[in-house]
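Chains A and B, in that order, are what the protein sequence lines are. Heads up, the first sequence is in UniProt numbering, so the first residue is 1 and it goes up one at a time. Heads up, the second sequence is in UniProt numbering, so the first residue is 1 and it goes up one at a time. These notes concern the structure reproduced below.
2 protein chains.
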Amino acid sequence: MPDSPPSLDAVQLGAYFDLIEVTSLLRHAVEQQLREAGDLSYVQFQLLARLGDSPTGSHRMTDLADGVVYSRSGLTYQAGLLEKTGLVVRAPSADDERGITVTITDAGRALLARVLPGHIEVVKGLLFEPLSRDDVKALATLLAPVREHMRSTPPRSAAPRRRKDRG
Amino acid sequence: MPDSPPSLDAVQLGAYFDLIEVTSLLRHAVEQQLREAGDLSYVQFQLLARLGDSPTGSHRMTDLADGVVYSRSGLTYQAGLLEKTGLVVRAPSADDERGITVTITDAGRALLARVLPGHIEVVKGLLFEPLSRDDVKALATLLAPVREHMRSTPPRSAAPRRRKDRG
DNA sequence: TATTGTTATACTCTATAACTATA
DNA sequence: TATAGTTATAGAGTATAACAATA
Numbered sequence: 001m002p003d004s005p006p007s008l009d010a011v012q013l014g015a016y017f018d019l020i021e022v023t024s025l026l027r028h029a030v031e032q033q034l035r036e037a038g039d040l041s042y043v044q045f046q047l048l049a050r051l052g053d054s055p056t057g058s059h060r061m062t063d064l065a066d067g068v069v070y071s072r073s074g075l076t077y078q079a080g081l082l083e084k085t086g087l088v089v090r091a092p093s094a095d096d097e098r099g100i101t102v103t104i105t106d107a108g109r110a111l112l113a114r115v116l117p118g119h120i121e122v123v124k125g126l127l128f129e130p131l132s133r134d135d136v137k138a139l140a141t142l143l144a145p146v147r148e149h150m151r152s153t154p155p156r157s158a159a160p161r162r163r164k165d166r167g
Numbered sequence: 001m002p003d004s005p006p007s008l009d010a011v012q013l014g015a016y017f018d019l020i021e022v023t024s025l026l027r028h029a030v031e032q033q034l035r036e037a038g039d040l041s042y043v044q045f046q047l048l049a050r051l052g053d054s055p056t057g058s059h060r061m062t063d064l065a066d067g068v069v070y071s072r073s074g075l076t077y078q079a080g081l082l083e084k085t086g087l088v089v090r091a092p093s094a095d096d097e098r099g100i101t102v103t104i105t106d107a108g109r110a111l112l113a114r115v116l117p118g119h120i121e122v123v124k125g126l127l128f129e130p131l132s133r134d135d136v137k138a139l140a141t142l143l144a145p146v147r148e149h150m151r152s153t154p155p156r157s158a159a160p161r162r163r164k165d166r167g
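Below, the structure is given as structure tokens:
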């Protein structure tokens, strides 16, 4: 049983609701754009973008999942879709024979390039339009520690592979 | 074709990524809590909370959907689930015979009350823990205009009932 | 003719558990 | 024994289109 009566004050409640609504609308808009422009789901786009960002264009399956997909089978499923459409390739890892290295293909990079401008336009038009440069900086400054905090907080059971998870 | 080369500077990109990751993790955690505490999905919780907030405990189907569900059939589906478990009741609207009025039941309020403390604890522990009171105020101040902007921006086709939608 | 809501249907996505293979 | 990844499977959620009824 909780030892403190949990409550949120009006300001917290407002911030929470704003956050939920804003990201929900943003995500919905972005998902539509990605679907139309490249027949990608948001998850697929995130995976692809993460690979594209990597210097090698590669990631191990496990590392690729972080914060994007919350179950290993979910990642396998998504990676399978990306591979089936030729956007990534999977190959056994060199150092650890258990691991799989996922690599973005030229087609993957091409699709990413084709989809990105529209994606950015949606984000700019929807999220950043009403914010000044300083506002954006302030927002980033506020959210960065939250992200760090969430990353380091045991997510109850969201990371079945990262910790012992004796259960 | 776009007439400006779309791009995001480093600060914008950071803010965007932070926003996505933070809300993704938050939502995932909250969804688990709601499922465990009351066997509710986040959408169901939002609908229930919205009804609970209303002075009458009621809303018309169409109004209930705003920002939570993006298709009418989706709302019908969710309302059907809530009704099947006795958390809401649906009845024809008094003034407009086409409309349906959804009303939260005592059981619905009870479940809401049972689920809310844990929900708040997750939000506090995950989102607000690393933020001072002023931080939260600043966050709310930044997000409020974004929410307003998004609400007033034609969402391409997200509101099939609000506009003509000839297609 | 436009709007409200439902239904049928098909599809996407996710998660659990059982399994294989390597460390 | 623990970890990496896959598979099978089942369930939840979503969207589209066709539909009925009212404005």
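From the three backbone atoms N, C-alpha and C, an ideal C-beta is built for every residue, glycine too.
Taking 7 Å as the upper bound on Cβ-Cβ separation, chain B lies near residues Leu139, Ala140, Leu142, Leu143, Ala144, Pro145, Val146, Arg147, His149, Met150 and Thr153 of the segment 139-154 of chain A.
Annotation for A:Arg35: the continuous alpha helix (DSSP H) segment containing it runs Ala10 to Gly38. For B:Asp95, the closest C-alpha among the options B:His59, B:Leu139, B:Thr141 and B:Arg151 is that of B:His59. Cβ-Cβ separation between A:Leu48 and A:Leu82: approximately 7 Å, consistent with a contact (criterion under 8 Å). Residue state for B:Pro92 is assigned as strand, using DSSP reduced to three classes. When the alpha-carbon of A:Leu26 is set against those of B:Val68, B:Ala138 and B:Leu51, the nearest one is in B:Val68.
Using beta-carbon distances, B:Pro92 does not count as an interface residue toward chain A, since no partner is under 8 Å. Judged by DSSP in its simplified three-state form, B:Arg133 adopts helix.
At a cut-off of 8 Å between beta-carbon atoms, B:Phe128 makes contact with chain A. Rounded to the nearest whole angstrom, the C-alpha separation of A:Asp106 and A:Ser73 is 26 Å. By the neighbour-count definition (other C-beta atoms within 10 Å, threshold 16), A:Thr101 is a buried residue. Setting aside the 5 residues that flank it on each side, B:Gly52 is surrounded in the same chain by Ile104, Gly108, Arg109 and Leu112, each with a C-beta closer than 8 Å to its C-beta; the list follows chain order.
Taken in chain order, the unbroken stretches of beta strand (DSSP E) that lie wholly in the segment 52-134 of chain B and span 3 residues or more are 58-60, 88-92 and 100-104.
Contacts with chain B at 8 Å (Cβ-Cβ) do not include A:Leu51. In the three-state reduction of the DSSP assignment, B:Pro6 falls in the coil class, being assigned neither a helical nor a strand state.
Taking each of A:Gln32, A:Thr56 and A:Leu19 in turn and checking the Cα distance to A:Phe45, the smallest one comes out for A:Gln32. A:Val30 and B:Val122 have their C-alpha atoms spaced approximately 27 Å apart.
At a Cβ-Cβ threshold of 8 Å, A:Glu129 and B:His149 count as neighbours.
Contact note: B:Asp39 does not reach chain A at a C-beta cutoff of 8 Å; the least C-beta distance is about 16 Å. At a cut-off of 8 Å between C-beta atoms, B:Leu8 counts as an interface residue with respect to chain A. With a threshold of 8 Å between beta carbons, A:Ser24 makes contact with chain B. Cα atoms of A:Val22 and A:Leu126: separation of roughly 9 Å, rounded to the nearest angstrom. Residue contact check for B:Lys84 against chain A: no CB pair falls below 8 Å.
At least 8 Å separates the CB of B:Gly74 from every CB of chain A. Chain A places a beta carbon closer than 8 Å to that of B:Pro117, counting this residue as a contact. Looking at the backbone, the Cα of B:Gly99 and that of B:Leu64 are separated by about 12 Å. In this structure, the CA atom of A:Ala140 is about 13 Å from the CA atom of B:Ala140.
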